[in-house]
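Here is the structure we will look at, set down as structure tokens.
Number of protein chains: 2
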Amino acid sequence: MNTYYVCALKILFILSFSQANVIKQNADSCQQILGDDVIREIWSYENVKDEILRYVTEGDFKGKTYDELAKFVDKFGARPSGTEVLENSIDYIIDLTRAENINDIVTEELEVPHWTRGEERITMLQPRVKNLAVLGLGRSVSTPPEGITAEVILINDFAQLESSKEEDIRGKIVIYNPVFTTYSDTVAYRTQGATRASAKGAIASLVRSVGPFSIDSPHTGLQTYGENVTQIPTAAITLEDTDLIKRIIDRGEKVILKIEMTSSLDTKISRNTIVDLKGTEKPDSLVIVSGHIDSWDVGQGAMDDGGGLFISWAAPVILKRLNLQPRRTIRSIFWTAEEFAYVGAYDYEKRHLDELQNINFIMESDEGTFAPLGLAVGGNQEARCIIAEILKLFESINATTLIEDDSPGSDIAIITKHGIPGASLYNDNERYFWFHHTEGDTMNVEDERDLDLGTALWTAVAYIVADISFDIPR
Amino acid sequence: MNTYYVCALKILFILSFSQANVIKQNADSCQQILGDDVIREIWSYENVKDEILRYVTEGDFKGKTYDELAKFVDKFGARPSGTEVLENSIDYIIDLTRAENINDIVTEELEVPHWTRGEERITMLQPRVKNLAVLGLGRSVSTPPEGITAEVILINDFAQLESSKEEDIRGKIVIYNPVFTTYSDTVAYRTQGATRASAKGAIASLVRSVGPFSIDSPHTGLQTYGENVTQIPTAAITLEDTDLIKRIIDRGEKVILKIEMTSSLDTKISRNTIVDLKGTEKPDSLVIVSGHIDSWDVGQGAMDDGGGLFISWAAPVILKRLNLQPRRTIRSIFWTAEEFAYVGAYDYEKRHLDELQNINFIMESDEGTFAPLGLAVGGNQEARCIIAEILKLFESINATTLIEDDSPGSDIAIITKHGIPGASLYNDNERYFWFHHTEGDTMNVEDERDLDLGTALWTAVAYIVADISFDIPR
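Chains as they are written, first to last, in numbering that gives the first Met the number 0: chain A, 0 to 473; chain B, 0 to 473.
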């Protein structure tokens with residue numbers, strides 16, 4: 000045994016010891032916070048959890064989440080806000096729910112943006128002619144009919160933009176080339192890029208697609224024009240083309256692009272869909288599971304957010320089938336127009352403002368339904384301890400991890416900001432942003448077994464929280 | 000220590016012991032075959048190998064393969080057979096070589112196919128309207144101007160096609176949906192699919208793209224019409240769309256597609272390019288390194304085969320710069336029209352038939368230039384033992400592996416079938432078929448360090464084989 004080896008062993012020992020200590024301290028403090036009675040009550044649900052898990056992974060529901068999701072997205076494809084196909088898909092999922100003898104369903108109408116992509120083409124004219132893969136960003140205006148032809152200036156970050164001289168930006172096409180760190184950080188170049196470039200005099204702006212990997216894959220998504228700026232056309236291009244343009248410019252050559260884009264924007268009526276499985280003892284107290292039914296206009300919206308939609312659809316269906324009616328009401332919400340900045344969720348907030356405090360716990364899955372690992376939970380320490388203890392029941396499927404997240408989910412952030420505890424599905428979604436808002440968001444991303452496990456976890460957690468004797472503290 | 004653990008240890012021990020034995024036997028037999036003198040002579044090249052490795056990975060050549068490849072593919076983009084851009088790229092690489100004071104360059108003209116992709120569109124009309132991503136296959140004929148509209152029949156393999164009743168195929172669009180096993184097996188559905196479907200009366204054929212992973216990525220490639228069949232239009236569609244159509248058909252629904260494709264086919268003159276670094280003692284004896292300069296008409300042809308082209312371009316350049324002139328001639332060949340079935344290589348074979356036996360060893364890199372692992376070697380046991388011993392010199396870069404391959408490379412198979420020993424670059428190309436023949440074959444697939452290592456290995460092996468006192472046995 001050489002010295003290096005001894006040393007490495009020592010370091011490993013110290014590391015594992017100190018890590019074990021942290022975990023133990025957290026566990027100790029949760030044990031103290033919860034007390035033996037609460038922990039015992041949580042563990043009393045082990046049999047119910049097993050029943051749900053068996054039914055979903057081995058019983059009649061095995062493969063059903065995948066199958067129903069596939070039928071749905073194959074039938075409708077993409078379901079953009081404001082379209083007839085979205086409304087038809089809402090009717091379909093309502094019928095699917097009624098077929099399960101769940102009839103406590105209401106829809107709430109609201110006005111949603113209806114942005115329609117027309118023809119889009121970007122051609123590099125200099126230093127050579129090349130077509131670029133492109134997806135215009137949501138709410139982008141059209142170019143003039145003759146297109147926009149201009150030189151490119153490449154901008155790495157907003158600091159560089161702000162410190163640029165206005166004469167270097169004026170009349171140019173800005174291409175943002177940010178390093179992809181996290182989605183929430185990098186997406187600012189997509190959402191605010193056009194407005195900030197326009198303020199400096201740019202006549203169009205493009206953004207390196209917000210994702211870490213590409214096979215010539217542009218990623219669309221929403222952008223919002225600020226007030227008092229000229230609304231300039233804006234689109235996403237691929238990692239590959241952005242890097243190509245960067246290399247060309249770095250060699251001292253000029254890049255000239257021609258952008259031709261058409262689009263239209265108006266508003267339509269859509270609906271949030273609310274499915275209730277009424278509670279036996281506290282029907283006014285709600286445990287909400289949810290996903291959004293709209294998608295971008297590319298791919299099938301299978302991952303974003305078909306998977307989240309269908310595990311949330313499945314929860315009351317499974318409980319109904321198993322005759323497991325909890326004390327509180329399980330409410331499943333299928334949000335509309337999430338992709339246009341939580342339009343459905345804001346409407347729900349406004350409409351139900353007086354009753355928001357009746358929400359005991361709110362869940363949303365909108366970051367993929369890959370293999371479930373646990374939950375990302377927002378709320379106070381006691382709430383997190385309760386959920387952490389519940390997650391211990393899911394050791395057999397390796398879904399015991401609680402991640403602290405002060406604003407889990409997407410739509411439900413509009414609700415949790417009122418101090419209501421909530422959670423999103425924490426899952427093995429490393430490749431989520433490979434497919435997000437691309438033509439590649441299809442059933443090929445989904446896995447039958449992973450969906451079953453997600454459905455089982457989602458349903459069982461919702462049931463336990465809805466049935467347990469105490470409310471989730473806030 | 001429990002019983003299971005003891006048992007597992009025993010199994011591991013037995014496995015590692017027997018594996019070690021096999022390796023030792025091979026090594027023993029190579030040692031016996033080669034003899035001490037040969038082994039000693041091979042190891043006498045260790046300093047030269049170090050010099051080349053240092054120069055390429057730390058010295059003036061560091062990053063140069065990547066940079067020159069990037070400049071080349073950024074300037075020309077895709078370089079399809081028969082196009083002016085391909086001929087311009089040949090002129091460019093000749094100039095680049097002359098700039099290195101290497102002037103022993105000849106080009107050999109030959110007739111090549113010039114197939115041009117026009118407009119391509121596939122629309123699913125039933126059960127709903129959806130556009131499919133498409134890439135027509137090389138040599139495909141056009142559809143009639145009004146397109147081809149017909150029902151789809153899905154075929155998993157040729158056995159199923161052959162056993163199908165002709166009335167089930169006649170008038171239909173065949174979609175091949177083979178399981179991707181290896182490229183060489185699965186590609187038959189691309190190359191022969193149209194002919195075999197046509198023979199059964201199909202009016203068009205499509206193939207699930209030949210690759211294991213996709214982000215809505217169609218993969219083009221060559222297909223060849225057989226004699227005495229109607230030439231029907233043929234194209235590749237994505238894994239996602241093939242799976243979608245399969246699910247729809249499996250549900251008992253009918254799929255109707257409309258295919259609109261235009262293309263043209265004629266012949267043009269292109270050139271093989273031959274760069275010689277003349278040997279000091281045996282100038283007629285050749286050690287050939289090679290890659291092909293043409294590419295498909297999508298992406299940049301950076302991976303297929305820009306990387307192989309540039310590590311082969313680099314070999315004589317580096318030896319010239321380092322003043323390392325071997326006994327035999329190092330010949331670098333940039334094959335043309337590989338993508339239309341080795342047209343350049345066949346011309347070389349025909350033109351040099353009388354001198355083929357002067358080729359001592361021939362190498363080609365055409366399966367990616369990811370991190371090099373060693374070489375795939377064709378030839379007799381003694382030839383393989385020599386190369387295996389040479390590869391031992393590359394332990395510091397983990398490129399010591401010899402894979403036995405009776406037909407390494409692509410173009411060079413036309414030469415090695417004459418009994419000439421040869422090798423291709425064995426590299427960490429697990430993702431090669433993610434990008435192969437797609438718009439995603441760009442510089443983003445390439446890595447600077449991996450290209451340096453590939454260049455160093457390629458150059459040093461070529462030098463040693465060209466300089467060593469004995470010929471590679473055959």
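The beta carbon of each residue, even a glycine, is placed where N, CA and C say it ideally should be.
Since we're looking at a predicted model, the values are computed, not measured.
Exercise. Taking the continuous beta strand (DSSP E) assigned at Thr-180 (chain B), which residues delimit it?
Worked result: Along the second sequence, read from residue 1 onward, the residue named residue 180 (chain B) stands at position 181. Under the DSSP assignment, Thr-180 (chain B) falls outside any beta strand (DSSP E); it carries neither an H nor an E label.
Exercise. Whose CA, out of A:Tyr-91, A:Asp-215 and A:Glu-165, lies closest to the CA of Lys-199 (chain A)?
Worked result: Translated into the one-based positions of the first sequence, residue 199 (chain A) becomes position 200. Nearest to Lys-199 (chain A) by alpha-carbon distance, out of A:Tyr-91, A:Asp-215 and A:Glu-165, is A:Glu-165.
Exercise. Which residues in chain A sit within 7 Å of Phe-434 (chain B), going by Cβ to Cβ distance?
Worked result: Numbered from 1 along the second sequence, position 435 holds the residue referred to as residue 434 (chain B). Within chain A, the C-beta atoms nearer than 7 Å to that of Phe-434 (chain B) come from Ile-214, in chain order.
For this session: Classify Val-254 (chain A) as buried or exposed, calling it buried when 16 or more other Cβ atoms lie within 10 Å of its own Cβ.
Result: Against the first sequence, residue 254 (chain A) aligns to sequence position 255. The residue in question, Val-254 (chain A), is buried, as its Cβ has 16 or more Cβ neighbours within 10 Å.
Exercise. To the nearest angstrom, how far is it from the Cα of Ile-10 (chain A) to the Cα of Cys-29 (chain A)?
Worked result: Translated into positions along the first sequence, residue 10 (chain A) becomes position 11. Translated into positions along the first sequence, residue 29 (chain A) becomes position 30. Any answer about Ile-10 (chain A) is weak, because its pLDDT of 39 lies below 50 and its placement is not dependable; what the coordinates show is given next. Going from the Cα of Ile-10 (chain A) to the Cα of Cys-29 (chain A) covers about 29 Å.
Problem set entry | Minimum Cβ-Cβ distance from Phe-469 (chain A) to chain B less than 9 Å | Here residue 469 (chain A) corresponds to residue number 470 of the first sequence, with the count starting at 1. No, Phe-469 (chain A) does not count as interfacial toward chain B.
Problem set entry | Option nearest Arg-430 (chain A) by Cα separation, candidates A:Ala-382, A:Phe-369, A:Thr-454 and A:Ile-386 | Walking along the first sequence from the start, residue 430 (chain A) turns up at place 431. Of A:Ala-382, A:Phe-369, A:Thr-454 and A:Ile-386, the residue nearest in Cα terms is A:Phe-369.
For this session: Please classify Gly-453 (chain A): is it buried, with 16 or more other beta-carbons within 10 angstroms of its beta-carbon, or exposed?
Result: For the purposes of this step, residue 453 (chain A) is taken as residue 454 along the first sequence, with counting starting at 1. Gly-453 (chain A) comes out buried.
For this session: Quick one: grab the DSSP three-state call for Ala-375 (chain A).
Result: Position 376 of the first sequence, counted from the start, is the residue given in the question as residue 375 (chain A). If DSSP states are grouped into helix, strand and coil, Ala-375 (chain A) belongs with the strands.
Exercise. For His-436 (chain A) versus Trp-334 (chain A), is the C-beta spacing smaller than 9 Å?
Worked result: What you label residue 436 (chain A) is simply residue 437 of the first sequence in a count that begins at 1. What you label residue 334 (chain A) is simply residue 335 of the first sequence in a count that begins at 1. No, the pair does not count as a contact, with Cβ atoms beyond the cut-off.
Exercise. Got a sec, what are the start and stop residues for the beta strand (DSSP E) Phe-434 (chain A) sits in?
Worked result: Residue 434 (chain A) sits at position 435 when you count from the first residue of the first sequence. No beta strand (DSSP E) holds Phe-434 (chain A); the alpha helix (DSSP H) holding it covers 431-434.
Exercise. Ordered along the chain, which non-local residues of its own chain (more than five positions away) have a Cβ less than 7 Å from that of Pro-472 (chain B)?
Worked result: Translated into positions along the second sequence, residue 472 (chain B) becomes position 473. Asn-379, Glu-381 and Ala-382.
Problem set entry | Anticipated Cβ contact below 8 Å, Glu-337 (chain A) with Asp-404 (chain A), distance rounded | Along the first sequence, read from residue 1 onward, the residue named residue 337 (chain A) stands at position 338. Along the first sequence, read from residue 1 onward, the residue named residue 404 (chain A) stands at position 405. Actually they do not touch by this definition, with Cβ atoms about 18 Å apart.
Problem set entry | Nonlocal neighbours in the same chain, by C-beta distance under 7 Å from Val-228 (chain A), ignoring five residues either side | Within the first sequence, residue 228 (chain A) is the residue found at index 229, counting from 1. Taken in chain order, the residues that qualify are Thr-194, Ser-197 and Ala-198.
Exercise. Starting from Gly-176 (chain A) and walking both ways along the alpha helix (DSSP H), at which residues does that stretch end?
Worked result: Residue numbering aside, residue 176 (chain A) sits at position 177 when the first sequence is read from its first letter. Before going further, note that residue 176 (chain A) is Asn rather than Gly in the sequence given. Unbroken run through Asn-176 (chain A): none, as it is neither H nor E.
Problem set entry | Closest by C-alpha distance to Ser-80 (chain B), when choosing among B:Phe-339, B:Gly-408 and B:Lys-277 | Numbered from 1 along the second sequence, position 81 holds the residue referred to as residue 80 (chain B). The residue with the shortest Cα to Cα distance from Ser-80 (chain B) is B:Phe-339.
Problem set entry | Contact between the region 386-394 of chain B and the region 26-40 of chain B (3+ Cβ pairs under 8 Å) | yes
Problem set entry | Within 9 Å, strictly: CB atoms of Leu-308 (chain A) and Leu-256 (chain A) | What you label residue 308 (chain A) is simply residue 309 of the first sequence in a count that begins at 1. What you label residue 256 (chain A) is simply residue 257 of the first sequence in a count that begins at 1. No, these two residues do not count as a Cβ contact at 9 Å.
Exercise. For Phe-432 (chain A), is the classification buried or exposed, using 16 other Cβ atoms within 10 angstroms of its Cβ as the cut-off for buried?
Worked result: Here residue 432 (chain A) is taken as the residue at index 433 of the first sequence, counted from 1. When all chains shown are included, Phe-432 (chain A) counts as buried.
Exercise. Between Phe-75 (chain A) and chain B, is there a C-beta pair that is closer than 9 Å?
Worked result: Walking along the first sequence from the start, residue 75 (chain A) turns up at place 76. Yes, Phe-75 (chain A) lies at the interface with chain B (some Cβ there is under 9 Å from its Cβ).
Exercise. Tell me which same chain residues have a C-beta within less than 7 Å of the C-beta of Leu-153 (chain A), skipping the five on either side of it?
Worked result: In the first sequence, the residue the question calls residue 153 (chain A) occupies position 154. The residues are Ile-174, Asn-176, Ile-244, Lys-245 and Ile-248.
Exercise. Listed in chain order, which residues of the region 181-201 of chain B have Cβ atoms closer than 8 Å to some Cβ of chain A?
Worked result: none
Problem set entry | Best match in A:Glu-447, A:Phe-75 and A:Ser-162 for proximity to Asp-66 (chain A) [C-alpha to C-alpha] | The residue given as residue 66 (chain A) occupies position 67 in the first sequence. When only C-alpha atoms are compared, the closest one is A:Glu-447.
Exercise. From Ile-92 (chain A) to Ser-139 (chain B), what does the alpha carbon distance come to, in whole angstroms?
Worked result: As a first step, residue 92 (chain A) must be located in the first sequence, where it is residue number 93. As a first step, residue 139 (chain B) must be located in the second sequence, where it is residue number 140. C-alpha separation (whole angstroms): 43 Å.
Problem set entry | Asn-397 (chain A), buried or exposed, once every other Cβ within 10 Å from all chains shown has been counted against 16 | Here the question's residue 397 (chain A) lines up with position 398 in the first sequence. Exposed is the call here.
Exercise. Are there three or more Cβ pairs, one per stretch, closer than 8 Å when the region 38-50 of chain A is compared with the region 449-464 of chain A?
Worked result: The way I'd put it, the region 38-50 of chain A does touch the region 449-464 of chain A; three or more beta-carbon pairs between them come closer than 8 Å.
For this session: Kindly list the residues whose CB is nearer than 6 Å to the CB of Glu-118 (chain A), restricted to its own chain and excluding five residues on each side of it in sequence; keep chain order.
Result: What you label residue 118 (chain A) is simply residue 119 of the first sequence in a count that begins at 1. Around Glu-118 (chain A): Thr-261.
For this session: Can you give me, in chain order, the residues of the region 243-271 of chain B that have a beta carbon less than 8 Å from any beta carbon in chain A?
Result: Leu-243, Arg-246, Ile-247 and Arg-250
For this session: Quick one: give me the first and last residue of the alpha helix (DSSP H) that Leu-450 (chain B) is part of.
Result: The residue you call residue 450 (chain B) lines up with position 451 of the second sequence. Counting along the chain, the alpha helix (DSSP H) containing Leu-450 (chain B) begins and ends at 447-466.
Exercise. Who are the Cβ neighbours of Asn-428 (chain A) in its own chain at under 7 Å, not counting the five residues just before and after it?
Worked result: On the first sequence, position 429 is the one that residue 428 (chain A) refers to. Excluding sequence neighbours, Asn-428 (chain A) sits near Glu-366, Gly-367 and Phe-369.
Exercise. Are any of the Cβ atoms in chain A nearer than 9 Å to that of Pro-126 (chain B)?
Worked result: Against the second sequence, residue 126 (chain B) aligns to sequence position 127. Yes, Pro-126 (chain B) counts as interfacial toward chain A.
Exercise. Are the Cβ atoms of Asn-357 (chain B) and Asp-283 (chain B) separated by less than 9 Å?
Worked result: To locate residue 357 (chain B), count along the second sequence from 1; it is residue 358. To locate residue 283 (chain B), count along the second sequence from 1; it is residue 284. Yes, the Cβ-Cβ distance between Asn-357 (chain B) and Asp-283 (chain B) is below 9 Å.
Problem set entry | Chain-ordered chain B contacts of Leu-238 (chain A) [CB-CB under 8 Å] | Within the first sequence, numbered from 1, the residue matching residue 238 (chain A) stands at position 239. Chain B residues near Leu-238 (chain A): Asn-443.
Exercise. Is the CB-CB distance between Ala-455 (chain A) and Ile-361 (chain A) below 9 Å?
Worked result: One-based indexing of the first sequence puts residue 455 (chain A) at position 456. One-based indexing of the first sequence puts residue 361 (chain A) at position 362. Taking 9 Å as the cut-off, the Cβ atoms of Ala-455 (chain A) and Ile-361 (chain A) do not count as close.
Exercise. Is the beta carbon of Arg-270 (chain B) less than 9 Å from the beta carbon of Glu-107 (chain B)?
Worked result: Taking the second sequence and counting its residues from 1, the one referred to as residue 270 (chain B) is at position 271. Taking the second sequence and counting its residues from 1, the one referred to as residue 107 (chain B) is at position 108. It is a contact, given that the beta carbons lie within the stated cut-off.
Exercise. Ile-317 (chain A) and Thr-180 (chain A): beta carbons closer than 9 Å?
Worked result: For the purposes of this step, residue 317 (chain A) is taken as the residue at position 318 of the first sequence. For the purposes of this step, residue 180 (chain A) is taken as the residue at position 181 of the first sequence. Taking 9 Å as the Cβ cut-off, Ile-317 (chain A) and Thr-180 (chain A) do not qualify as a contacting pair.
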